[in-house]
Amino acid sequence: MIIGHIGAREGSRGVVGKNMLPICGKPMIDWSLDLLFDSELIDVVVVSTDSQQMYDHSVDRGALAIGLRPAALASDTAGKWQVWQHSLDAAEQLSAPADLFVDLDCTSPLRLPEDIEKAISLFNKERPDMVMSCCEARKNPYFNLVEPDESGALQVSKPLASNVVARQQAPVVYEHAASTYVLDPKYLRSASSLYEGRVIPYVMPIERCLDIDSELDFRIVEFLLQDRLNG
943 MIIGHIGARE GSRGVVGKNM LPICGKPMID WSLDLLFDSE LIDVVVVSTD SQQMYDHSVD
1003 RGALAIGLRP AALASDTAGK WQVWQHSLDA AEQLSAPADL FVDLDCTSPL RLPEDIEKAI
1063 SLFNKERPDM VMSCCEARKN PYFNLVEPDE SGALQVSKPL ASNVVARQQA PVVYEHAAST
1123 YVLDPKYLRS ASSLYEGRVI PYVMPIERCL DIDSELDFRI VEFLLQDRLN G
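Written out as structure tokens, the structure reads:
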């Protein structure tokens, strides 16, 4: 059994109420819910939220009725990992033991159905502890990311013995794209954070990895979604 999961906290500092905010004709959360409900690979859908509105909306659409998220997991300092663990336990109590746990970040509506399929396929092929969506980093700490030294002078963040004078010479660096995750439930239960096991990247195009955390992000993602809808 494969659990499809969405975590959608009510509070947001960057964009107020963003998870239910209408974008291109439907609430933000529905861009992720639709992918899970439409996927032939996902057996059950669960939404972890502290919002009664989002909970009722999700359950009405067919998500498991696991109840609202515990208060300890509802603050803006609560970790994603502990939310996942709680959702896994709650979902299994209402369904069956899970073979895979797939999480879609609610604020990354630009992913496509193929991203879920390819991330699961990569997991099944490589059998890591977790597959995590990434994209090629737009800035590289070996080349064009800098930080001040004790005197305030700028230095390359991760200097190499041989001077890197072109981006192509720098080691590959990925951005952690908060979009799509596939986890082994055993790893999710036993670990306490993302990188304790073997975590491998599912590399997505940059234009599908944008995450909404500000009003500017919202406007950019809305433009790209509308452009896609317009063909």
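Using our numbering, the first residue of the sequence shown is number 943, and each one after it goes up by one. Every residue, glycine too, gets a C-beta built ideally from N, C-alpha and C. The model shown is predicted, which means the values in this text are computed figures rather than measured ones.
How is M1006 classed by DSSP in three states: helix, strand or coil?
By one-based count along the sequence shown, residue 1006 stands at place 64. As written in the sequence, residue 1006 is Leu, which differs from the Met given in the question. It is coil, neither helix nor strand.
In chain order, what are the residue ranges of uninterrupted beta strand (DSSP E) at least 3 long that sit wholly in the region 1058-1137?
For the region 1058-1137, whole beta strand (DSSP E) runs of length 3 or above, ordered along the chain, are 1072-1078, 1088-1090, 1096-1098 and 1116-1125.
Touch test, the region 1153-1173 against the region 1055-1071, Cβ-Cβ under 8 Å, three pairs minimum
Segments in contact, no.
Under the three-state reduction of DSSP, which class applies to S974: helix, strand or coil?
Residue numbering aside, residue 974 sits at position 32 when the sequence shown is read from its first letter. Three-state DSSP puts S974 in a helix.
Take R1170 as the anchor and find which of D1159, E1149, E1157 and D1155 has the nearest alpha-carbon.
Numbered from 1 along the sequence shown, position 228 holds the residue referred to as residue 1170. Of the candidates D1159, E1149, E1157 and D1155, E1149 places its Cα closest to the Cα of R1170.
Cα-Cα separation, L963 to R951
As a working note, residue 963 is residue 21 in the sequence shown. As a working note, residue 951 is residue 9 in the sequence shown. So the two alpha carbons sit approximately 13 Å from each other.
DSSP state of D985 mapped onto helix, strand, coil
By 1-based counting over the sequence shown, the position of residue 985 is 43. DSSP places D985 in coil when its eight states are reduced to three.
Contact set for L1087: own chain, Cβ-Cβ below 6 Å, skip 5 residues either direction:
Translated into the one-based positions of the sequence shown, residue 1087 becomes position 145. Cβ within range, chain order: K1081 and S1099.
Spatial neighbours of R1140 within its chain, please: C-beta separation below 8 Å, excluding the five flanking residues on both sides.
Your numbering for residue 1140 matches position 198 in the sequence shown. Result list for R1140: P1070, D1071 and M1072, in chain order.
Between which two residues does the beta strand (DSSP E) harbouring L963 extend?
Residue 963 sits at position 21 when you count from the first residue of the sequence shown. For L963, there is no enclosing beta strand (DSSP E), as DSSP gives it neither H nor E.
Just how far apart, CA to CA, sit L978 and Q1097?
For the purposes of this step, residue 978 is taken as the residue at position 36 of the sequence shown. For the purposes of this step, residue 1097 is taken as the residue at position 155 of the sequence shown. Their backbone Cα atoms lie some 45 Å apart in a straight line.
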